[in-house]
Every structure is written in C-alpha cells, then in structure tokens.
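Each residue of the sequence shown is one higher than the one before, counting from 1 in full-length UniProt numbering.
Don't be surprised by glycine CBs; every beta carbon is placed ideally from N, CA and C.
For clarity, every value in this text was computed on a predicted model and none was experimentally measured.
What follows is one structure encoded as structure tokens, with my remarks underneath.
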Amino acid sequence: MIIWLASYPKSGNTWVRSIIAALMHTDDGVFKFELLNQIKQFPSKKYFKDFTNDFENIHEIKKYWESAQDFINLDNKVKFFKTHHINCKIGQYSFTSKKNTLATIYIIRDPRNLVNSISNRFSKSVEDSKKFLFTPKIITKFEKEDDLENKSLITLLGTWNEHYKFWKNNNENFLLIKYEDLINNTNSELDKIIAFIKRFTPIQTDEIKNKNIIKTTSFNYLQNLASYRFLNSISF
C-alpha cells in the first residue's frame, strides 16, 4: 500500500522526502543523497512501460494509473511515493483509490511565498507566476534536477487550490504539513510525521536519530555537501 508524499511543485516535497528517507532507511538518521532513491516518483515511465509507450498522452496514461499501482502493491508492503499529480478522476479513471492508497502526507506552502519561489526559480514575472498557480495545466516533463534520470511522466497539476482540495477530499488518512511550519518548528513537524507514519508501519527512532535527521536535512548542512542541482530542488 502506498503512502503518498503529495504537493504542488516548489512546496517542500523534496525536503519532506529527505526527512522520511532518513527516518525509514537509516539506523542513525543521517541523510545521504542516495537515500532519495528509496522513495520513487509517481507517475514515472518505469511503472507504465508494460502498459503503453505513449508517455505524453494523458488520455492513454490515465487508463493505467490504477494498474500501475496494483503492480507496485503486489508485495503488500508499505511504501512511500512522491507525486505532484492531482488526485483526480477523468471519466471512469481515478488517479488512485482506497485499494492502493494507505495514506497521504500533503505538503502545502503559502501561495504568496510560492509565487515568489516560482518567479525566482523559473525566471518568471510575479504575474506569470500567479497565472502558473491558478491556471489548470499539464506538465509533460519536470526540470532535469528534479527528474532523476529524466524518467518522470506526464503529470496533471490542475490549479493550486484544486490540487489541495482534491487530495484532502479524496483521502481518509491525511496529514497536512505546512512548509512554513517545517521551517519554523522542524522538531514539532518531525514528531507529527513520525506519529502519523506509526499508525501504518513500525518505525525505529529515538532522540539521537531524530536530531540527526533534522541536522542532516537542514539547508545549511546540505549546502556543505550538495551539488547545486540538489539544493536548487530542495523546496520542490
């Protein structure tokens, strides 16, 4: 069963993904970049290649959203997936369902801050960045720095408010993480994440591990280790 790390782009998904990767895939909580490979992105081509090769046609891809997740869940294990896709239904085809979704951790960012982030990141004007947020859209390919090995698939975003509403309304087990709270009170937000995940799968953690997670996923710490590529995508 899947626990989604869902968000609109530039809202802190990679940061939360880093925190959870260190939480779930280390004994000591020390984050390393290769741990991100433990939490894949969906949709991506590797999960659809046995169903279709028309990767940029949303009306073809939508037919296999659930089939791809059925295959992912064959082992009946709890797993985390990052997504920027809206939790929508197109005709008879739903992006996901209770059969495949165990829970959702949704990362949200104040749209006023998000406008500035999009403007700076993609060299857009403030007005164009506002239009980006509030105009329904499909993204055919993410920027390479967020698209490890360039394998991401066509993604339906919708608008910023639709994205949040559809994920909130279509999920019983839902945790909201605010990007601004994550910055201002990382300890408290980590405790919330741990308590939420413990409802669905065991976690081995302690005070020292938690301190290491917070330290090694902080921007200042990563700045000493990371390539520009990763740092540029950390709020994504």
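Excluding five sequence positions before and after Ser125, the CB atoms of its chain that fall closer than 7 Å to its own CB belong to Ser119, given in chain order.
His84 counts as buried, since at least 16 other C-beta atoms from the protein chains shown sit within 10 angstroms of its C-beta. Secondary-structure assignment with DSSP links Leu5 through a beta bridge to Lys82, Ile105. The distance from the Cβ of Ile213 to that of Leu23 is about 6 Å, consistent with a contact at the 8 Å cut-off. Annotation for Phe55: no alpha helix (DSSP H) segment contains it, and DSSP assigns it neither H nor E.
The beta carbons of Asp110 and Glu172 sit no closer together than 7 Å.
Collapsing the DSSP output to three states places Lys40 in a strand. Linking Asp191 to Ser11 through their CA atoms gives a straight-line distance of about 20 Å. Residue nearest to Ser7 within the set Thr104, Asn76, Ile39 is Thr104 (criterion: CA-CA distance). Here Ile2 is not near Asn87, since their CB atoms are 7 Å or more apart. Beyond the five residues adjoining it in sequence on each side, Asn169 comes within less than 6 Å, by CB distance, of no other residue in the same chain.
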